[in-house]
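Number of protein chains: 2
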Amino acid sequence: MALKSFIEVHPDSHFPIQNLPYGVFRPVPGSAARPGVAIGDYVLDLSEIASAGLFDGPILKNSDCFSQLNLNKFVAIGRSAWKEARATLQRLLSSTEPALRDNAALRQKSLVPMNKVEMLLPVAVGDYTDFFSSMHHAKNCGTIFRGPENPIPANWFHIPIAYHGRASSIVISGTDIIRPRGQGHPTGKTPYFGPSLKLDFELEMAAIVGPGNELGKPVDVNEAADHIFGLVLMNDWSARDIQAWEYVPLGPFLGKSFGTTVSPWIVTLDALEPFACDAPKQEPPPLPYLAEKISKNYDIALEVQIKPAGQDESHLVTRSNFNHLYWTLTQQLAHHTINGCNLRPGDLLGTGTISGPEPESFGCLLELTWNGQKPLSLNETSRKFLEDGDEVTFTGCCKGNGYNVGFGTCSGKIIPSHP
Amino acid sequence: MALKSFIEVHPDSHFPIQNLPYGVFRPVPGSAARPGVAIGDYVLDLSEIASAGLFDGPILKNSDCFSQLNLNKFVAIGRSAWKEARATLQRLLSSTEPALRDNAALRQKSLVPMNKVEMLLPVAVGDYTDFFSSMHHAKNCGTIFRGPENPIPANWFHIPIAYHGRASSIVISGTDIIRPRGQGHPTGKTPYFGPSLKLDFELEMAAIVGPGNELGKPVDVNEAADHIFGLVLMNDWSARDIQAWEYVPLGPFLGKSFGTTVSPWIVTLDALEPFACDAPKQEPPPLPYLAEKISKNYDIALEVQIKPAGQDESHLVTRSNFNHLYWTLTQQLAHHTINGCNLRPGDLLGTGTISGPEPESFGCLLELTWNGQKPLSLNETSRKFLEDGDEVTFTGCCKGNGYNVGFGTCSGKIIPSHP
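If you read the protein sequences in the order shown, they are chains A and B.
Here this note's numbering runs 9 ahead of the position in the first sequence, where the first position is 1.
Here this note's numbering runs 9 ahead of the position in the second sequence, where the first position is 1.
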């Protein structure tokens, strides 16, 4: 019999008892931030569950990890604690367990309607790294910027290419994004300066790092999964004109650092496990430090919608899937540490834009409109790049047998540059 | 009459009463970290001075910023607090002021011999950014990697180019650096993999950000100095073989992220002010958002020494100067925020390698040995790149009239890769 909660969960919900993603929230404005898990239309307040003594397993019994302002302390403990918490919460929320179900006072304190809460960043991100792991995205960008001969750089099939991103400007879903100002390629003698004319989204997901590693001690690729707590959706907003002018020779900087939006709920690898699938075969074979015994992706359907200002409806602009990634999460993490670089609990590892092979599965407007050459039709309007007032929403969802394991949404609206 | 301390300070010392740089230290192993300032051969414990009620100015009187584990809270307050603290400390340490001079118990508690203390990172670095602001360095690197035609990218004279660095692997001077492993360019079919064969130092300085700015609110270039607390020496260790193979198209990553060493003492802009000098004339003129009323560098003499394993003596390998920078600190900071990117207190902004025009003033071995083609002679041995056991030490010093304002040293020793 399928696991079922005493809380009624709609079959379309992203948050049944099989999921239980972690986030950080305020139950009412101004109250203290605290960890919670999503269950149907509710958030279960883990600080209340911990206070009630219901985390009674050997690892979490005496831990204060759920009375923190973020999840960093919990994710730092490691997979055994994550498994213990998941088992405890699935038991507590199940239809057959009375401890919470039949305790009206505790239910009242600990179950908060999701539409009342304010969601916050689930972790304090020490360092944010962004990979470049979709072959289709690498090929499309290379073709657009450097031409169709050898669009993918020679190193790409050997290295999970990445760059350091900006941690300070990571924001939670729902935060407005101010159109950045900056320099673009000169058409005459001096560069363009002003609001970006080529503002774009990038459809990504990101891993939240668990325990991490000490400086100088690389993580083995076959143990890398123990350092990944879970995944979120991520919009790596990009100003293509700023990026194109600045990125030689040191990579993207201000074209990205004005804002990066993440979804509030971290879906754990344990919840995603039923949706695991084989990663693409890699040819040439990776170097030994990247050759893993099990090379795993996840079947996570991803969609992007744009709602222009003044319109009532959102328009679907792409459908992609996490399983299009060439380099796996575990290869990304192992590569990141092979030089001794230390990862810390709560670090964020973005996948890079997740584009599929078909034009309707491309993960950003740069690719979808081929750098503005083929505008996208959105009902009575069209888009080469994002306009002020556009609201961009990502969703991600795994379809189970009669249930979903979903990520909710990751959204942001473009507001005009300050004058 | 020159300002003089009741503490005897040798004329060659980097730390007279005119300097008073800030750091964080433990007086004895295992004790709590606390802020201090360097004075001669002593560290003045600011937590003790604050406890004794001697910070009696209006801003710091009731602040707990000196009972923190790092300087982030102090630097966040801003220039008025920095000026108040400097005035208080110069008065307390002066030869004419009895409050500390004549209080033996307080002197005993608050003045710790520098050779007894353990220095720690002075700030918790949220984000670390590295610029590329020496024209000579940009030209040399461009010539080495891309040839002598147009060695400097077209954007360089318009943009203070930078990339995001890795914050987690920033370490304090004296920390050993483990030779990183990684991939290098294939000579046959597969890339090289193993310990880096081209390990290098990069002579840099770095600014410590003060109050910073909110997301979406750029800092005006003419107000940018108020957001810079002070400077440290920085060694941006670089694995040239890893960097050269990985950096297209997203910039340096594992070639840098295995370790970045900073000196322990932050010399404030107020202490450096007597050594201010004009920055180079910029042609073409910068865009209006980078055009500043006063374009200022500092005359800071920089040296690098290498001490090979088993040798008793260090060898001077380069002499450079902070005043070789083309883009100023304030232009770097204003550019960083022009897209709305937020800087936070304690963020680190590296200058990039500071090379002068002459070959003996180049700031890294890549330039000094012209990518290994002209080995450097070090007494009875020679170097193309760093060998295991090499200890690299930077110093930086401003020469005043009868006194120095110095940075002490920034050093690190290369130890072999783990097998």
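Positions of the beta carbon are idealized from the N, C-alpha and C atoms, including for glycine.
(request) Go ahead and pull the three-state DSSP assignment for B:Lys422. (result) For this step, residue 422 of chain B is matched to residue 413 along the second sequence. The answer is strand: DSSP assigns B:Lys422 an E or B state.
(request) Return the chain-ordered list of same chain residues with a C-beta closer than 8 Å to the C-beta of A:Phe267, the five sequence neighbours on each side being excluded. (result) In the first sequence, the residue the question calls residue 267 of chain A occupies position 258. So the list reads Ser178, Ile186, Ile187, Pro189, Trp246 and Ala248, once near-sequence residues are dropped.
(request) Measure from the C-beta of A:His173 to each C-beta in chain B and report whether the shortest distance is under 8 Å. (result) Your numbering for residue 173 of chain A matches position 164 in the first sequence. Yes - at least one Cβ of chain B is within 8 Å of the one on A:His173.
(message) Can you tell me where the alpha helix (DSSP H) holding B:Met144 begins and where it ends?
(response) By 1-based counting over the second sequence, the position of residue 144 of chain B is 135. Counting along the chain, the alpha helix (DSSP H) containing B:Met144 begins and ends at Met144 to Arg155.
(request) Measure the Cβ-Cβ separation of B:Val271 and B:Cys74 and say whether it is below 8 Å. (result) As a first step, residue 271 of chain B must be located in the second sequence, where it is residue number 262. As a first step, residue 74 of chain B must be located in the second sequence, where it is residue number 65. No, the Cβ-Cβ distance between B:Val271 and B:Cys74 is not below 8 Å.
(message) Extract the residue ranges of the beta strand (DSSP E) inside the segment 331-403 of chain A, only unbroken runs of 3 or more that lie entirely within it.
(response) 357-359, 385-387 and 390-392
(request) Give the single residue among B:Asn244, B:Phe202, B:Glu223 and B:Ala163 whose Cα lies nearest to the Cα of A:Pro258. (result) Stepping through the first sequence from its first residue, residue 258 of chain A is reached at position 249. Residue nearest to A:Pro258 within the set B:Asn244, B:Phe202, B:Glu223 and B:Ala163 is B:Ala163 (criterion: CA-CA distance).
(request) Could you tell me whether the segment 388-406 of chain B touches the segment 205-214 of chain B, where touching means 3 or more Cβ pairs closer than 8 Å? (result) yes
(request) Classify B:Leu296 as helix, strand or coil using the three-state DSSP reduction. (result) Mapped onto the second sequence, residue 296 of chain B falls at position 287. Of the three classes helix, strand and coil, the one that applies to B:Leu296 here is coil, per DSSP.
(message) Can you give me the C-alpha to C-alpha distance between A:Ile424 and B:Leu224, rounded to a whole angstrom?
(response) Position 415 of the first sequence holds residue 424 of chain A. Position 215 of the second sequence holds residue 224 of chain B. Approximately 13 Å between the Cα atoms of the pair.
(request) Quick one: which residues of the segment 350-363 of chain A get their C-beta closer than 8 Å to a C-beta of chain B? List them in chain order. (result) So the close ones are Cys350, Asn351, Leu352, Arg353 and Asp356.
(request) Examine the Cβ distances between the segment 67-81 of chain A and the segment 30-47 of chain A and report whether three or more of them are shorter than 8 Å. (result) yes
(message) Between the segment 331-344 of chain A and the segment 215-232 of chain A, can you find at least three pairs of beta-carbon atoms closer than 8 Å?
(response) yes
(request) Measure how close the beta-carbons of B:His173 and A:Gln192 come, nearest whole angstrom, since I'm counting them as under 8 Å. (result) What you label residue 173 of chain B is simply residue 164 of the second sequence in a count that begins at 1. What you label residue 192 of chain A is simply residue 183 of the first sequence in a count that begins at 1. At roughly 18 Å, the Cβ-Cβ gap does not stay under 8 Å, so B:His173 and A:Gln192 are not in contact.
(request) State the Cα-Cα distance for the pair B:Gly372 and B:Asn388, rounded to the nearest angstrom. (result) Along the second sequence, read from residue 1 onward, the residue named residue 372 of chain B stands at position 363. Along the second sequence, read from residue 1 onward, the residue named residue 388 of chain B stands at position 379. Straight-line Cα distance between these residues: approximately 20 Å.
(message) I'd like to confirm the pairing. Which residues does DSSP put opposite A:Glu213 in its beta bridges?
(response) Position 204 of the first sequence holds residue 213 of chain A. Per DSSP, A:Met243.
(message) Using C-beta distances below 7 Å, list every residue in its chain close to A:Val134, excluding the 5 sequence neighbours before and after it, in chain order.
(response) Here the question's residue 134 of chain A lines up with position 125 in the first sequence. Within its own chain, the residues whose Cβ lies closer than 7 Å to the Cβ of A:Val134, once the five positions on either side in sequence are excluded, are Ala176, Ile179, Gly355, Asp356 and Leu357, listed in chain order.
(request) Below 8 Å CB to CB, which residues in the same chain sit around B:His146 once its five sequence neighbours on both sides are set aside? (result) If you number the second sequence from 1, residue 146 of chain B lands on position 137. So the qualifying residues of the chain are Gly361, Thr362, Ile363, Ser364, Phe371, Gly372, Cys373 and Glu376.
(request) Have a look at B:Pro204 and B:Trp254 and give me their C-alpha separation to the nearest angstrom. (result) By 1-based counting over the second sequence, the position of residue 204 of chain B is 195. By 1-based counting over the second sequence, the position of residue 254 of chain B is 245. Taking the straight line joining both Cα atoms gives about 14 Å.
(request) Can you tell me the Cβ-Cβ gap for A:Leu281 and A:Val414, rounded? I've got them flagged as a contact below 8 Å. (result) In the first sequence, the residue the question calls residue 281 of chain A occupies position 272. In the first sequence, the residue the question calls residue 414 of chain A occupies position 405. Indeed they touch by this definition, with Cβ atoms about 7 Å apart.
(request) Report buried or exposed for B:Ala114, applying the criterion of at least 16 other Cβ atoms within 10 angstroms of its Cβ. (result) Position 105 of the second sequence, counting from 1, holds the residue named residue 114 of chain B. Residue environment: B:Ala114 is assigned as exposed (fewer than 16 neighbouring CB atoms within 10 Å of its CB, all protein chains considered).
(request) Could you list the residues in the segment 246-261 of chain B with a C-beta less than 9 Å from some C-beta on chain A, going in chain order? (result) Ala248, Ile251, Trp254, Glu255, Tyr256, Val257, Pro258, Leu259, Gly260 and Pro261
(request) Below 6 Å CB to CB, which residues in the same chain sit around A:Pro25 once its five sequence neighbours on both sides are set aside? (result) Here residue 25 of chain A corresponds to residue number 16 of the first sequence, with the count starting at 1. Correct list, in chain order: Val18 and Tyr412.
(message) I want to verify the contact list: residues of chain A whose CB lies under 8 Å from the CB of B:Gln382, in sequence order.
(response) Numbered from 1 along the second sequence, position 373 holds the residue referred to as residue 382 of chain B. Think of a sphere of 8 Å around the beta carbon of B:Gln382: no beta carbon from chain A falls inside it, the nearest being about 21 Å out.
(request) In angstroms with no decimal places, state the Cα-to-Cα distance between A:Lys82 and A:Leu129. (result) For this step, residue 82 of chain A is matched to residue 73 along the first sequence. For this step, residue 129 of chain A is matched to residue 120 along the first sequence. Each residue's Cα considered, the two are about 16 Å apart.
(request) Under 8 Å between beta-carbons, which chain A residues line up against B:Val176? List them in chain order, please. (result) Start at 1 with the first residue of the second sequence, and residue 176 of chain B comes out as number 167. At residue 176 of chain B the sequence reads Ala, which differs from the Val that was named. Under the 8 Å cutoff, chain A gives Gly135, Asp136 and Ala176.
(message) Rounded to the nearest angstrom, what separates B:Asp139 and B:Arg353 at their Cα positions?
(response) Translated into positions along the second sequence, residue 139 of chain B becomes position 130. Translated into positions along the second sequence, residue 353 of chain B becomes position 344. One alpha carbon belongs to B:Asp139, the other to B:Arg353, and they sit about 15 Å apart.
(request) Starting from B:Gln314, find everything on chain A with Cβ-Cβ shorter than 8 Å and list it in chain order. (result) For the purposes of this step, residue 314 of chain B is taken as residue 305 along the second sequence, with counting starting at 1. By Cβ distance, chain A contributes nothing, its closest Cβ being about 24 Å from B:Gln314, past 8 Å.
(request) Name, in chain order, the residues that DSSP records as bridge partners for A:Ala310. (result) Locating residue 310 of chain A in the first sequence gives position 301, where the first residue counts as 1. Its beta-bridge partners are A:Asn330 and A:Cys406.
(request) Using only alpha-carbon positions, find the residue among B:Gly66, B:Glu292 and B:His194 that is nearest to B:Asp250. (result) Walking along the second sequence from the start, residue 250 of chain B turns up at place 241. Proximity to B:Asp250 across B:Gly66, B:Glu292 and B:His194 peaks at B:His194, based on C-alpha coordinates.
(request) Determine, using beta carbons only, whether A:Leu299 and B:Asn348 come nearer to each other than 8 Å. (result) Residue numbering aside, residue 299 of chain A sits at position 290 when the first sequence is read from its first letter. Residue numbering aside, residue 348 of chain B sits at position 339 when the second sequence is read from its first letter. Not in contact: A:Leu299 and B:Asn348 (Cβ atoms no closer than 8 Å).
(request) Note down the Cα distance separating A:Ser14 from A:Gly421, rounded to an integer number of angstroms. (result) Sequence index remark: in the first sequence, residue 14 of chain A carries index 5 (1-based). Sequence index remark: in the first sequence, residue 421 of chain A carries index 412 (1-based). Computed Cα separation, rounded: 32 Å.
(message) I want to verify the contact list: residues of chain A whose CB lies under 8 Å from the CB of B:Thr199, in sequence order.
(response) The residue given as residue 199 of chain B occupies position 190 in the second sequence. Within chain A, the residues near B:Thr199 are His167, Pro293 and Leu296.
(message) Between B:Leu63 and chain A, is the shortest Cβ-Cβ distance under 8 Å, so that the two count as touching?
(response) Mapped onto the second sequence, residue 63 of chain B falls at position 54. So no, B:Leu63 is outside the interface.
(message) Within a Cβ cutoff of 7 Å, which residues of the same chain sit near B:Thr390, ignoring the five residues on either side of it in sequence?
(response) In the second sequence, counting from the first residue as 1, residue 390 of chain B sits at position 381. Cβ neighbours of B:Thr390 beyond the five flanking positions: Pro317.
(request) Measure from the C-beta of A:Gly365 to each C-beta in chain B and report whether the shortest distance is under 8 Å. (result) Taking the first residue of the first sequence as position 1, residue 365 of chain A is located at position 356. Output row for A:Gly365: interface = no.
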